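Colleague: Read in order, the letters of the sequence shown correspond to residues 16 to 166 in our numbering.
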Amino acid sequence: MALEDLYREVILDHYRNPRNRKALEKCNAAAEGSNPLCGDDVRVELLIEQGEVTEIGITGHGCSITQASGSMMSEAVKARTIETIRTLTDRFKGMMSIDGANDPGLDPNRPGAVLGDLESLQGVRKFPVRIKCATLPWTTLEEAIKGFEEG
Ligand code: ZN
């Protein structure tokens, strides 16, 4: 199977079976984001305990790229520290820059340096108008964490 087909399968799987797609009963951080160009809306809810995201819930409506990215993000950040999540976010956003040139390419042993399924979204770079679809859940996550830290 070509890498591109494998990537497509991974994206479709997350789109059809989104992980952590729920509203949280108990959360202490939340944010909403939208991408009017595509009509994507996302809400990210977090339960942050002792510097770690212990629960995450994603709701909203959007295209397959936004939904898949949000699902992968939720798996990647759950049970991770805020510091690790920052590393992951920087790597993901770097990878999604037009030519990937901003990818910091970190030491793979560093927590948060390995993107896993998220790598499948790099094909989206070929369609610059869709890049924001892929990064929307992440910028919304950053907003939620920022709001939490600012109390
Ligand atoms: Zn979209």
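By construction, the Cβ of each residue, glycine as well, lies at the ideal position given by its N, Cα and C atoms. Since the model is a prediction, treat every value here as computed from it, not as a measurement.
Excluding the 5 residues preceding and the 5 following residue 100 in the sequence, name in chain order all residues of the same chain whose CB lies nearer than 6 Å to its CB.
Modeller: Correct list, in chain order: 92.
Colleague: Which word fits residue 107, buried or exposed, when buried means at least 16 other C-beta atoms lie within 10 angstroms of its C-beta?
Modeller: buried
Colleague: Considering only residues of the region 32 to 56, which uninterrupted beta strand (DSSP E) runs meet the minimum length of 3 residues and lie entirely inside it, listed in chain order?
Modeller: Runs of the beta strand (DSSP E) spanning 3 or more residues and lying entirely within the region 32 to 56 occur at 44 to 50, in chain order.
Colleague: In terms of alpha-carbon separation, which member of 160, 22, 27, 165 lies closest to residue 95?
Modeller: 160
Colleague: Tell me the residue span of the alpha helix (DSSP H) that contains residue 139.
Modeller: Counting along the chain, residue 139 falls outside any alpha helix (DSSP H), and DSSP gives it neither H nor E.
Colleague: Using only the alpha-carbon positions, how far apart do residue 143 and residue 84 sit?
Modeller: 15 Å
Colleague: Is residue 100 near the ligand ZN, going by C-beta to nearest heavy atom under 7 Å?
Modeller: Every heavy atom of the ligand ZN is 7 Å or more from the Cβ of residue 100, so no.
Colleague: Under 6 Å from any heavy atom of the ligand ZN, by CB: list those residues in chain order, please.
Modeller: 50, 53, 55, 77, 78, 80, 81, 148
Colleague: Could you tell me how far apart the beta carbons of residue 81 and residue 36 are, in whole angstroms, since I believe they sit closer than 8 Å?
Modeller: The Cβ separation is near 12 Å, so there is no contact.
Colleague: Do the CB positions of residue 39 and residue 60 come within less than 8 Å of each other?
Modeller: yes
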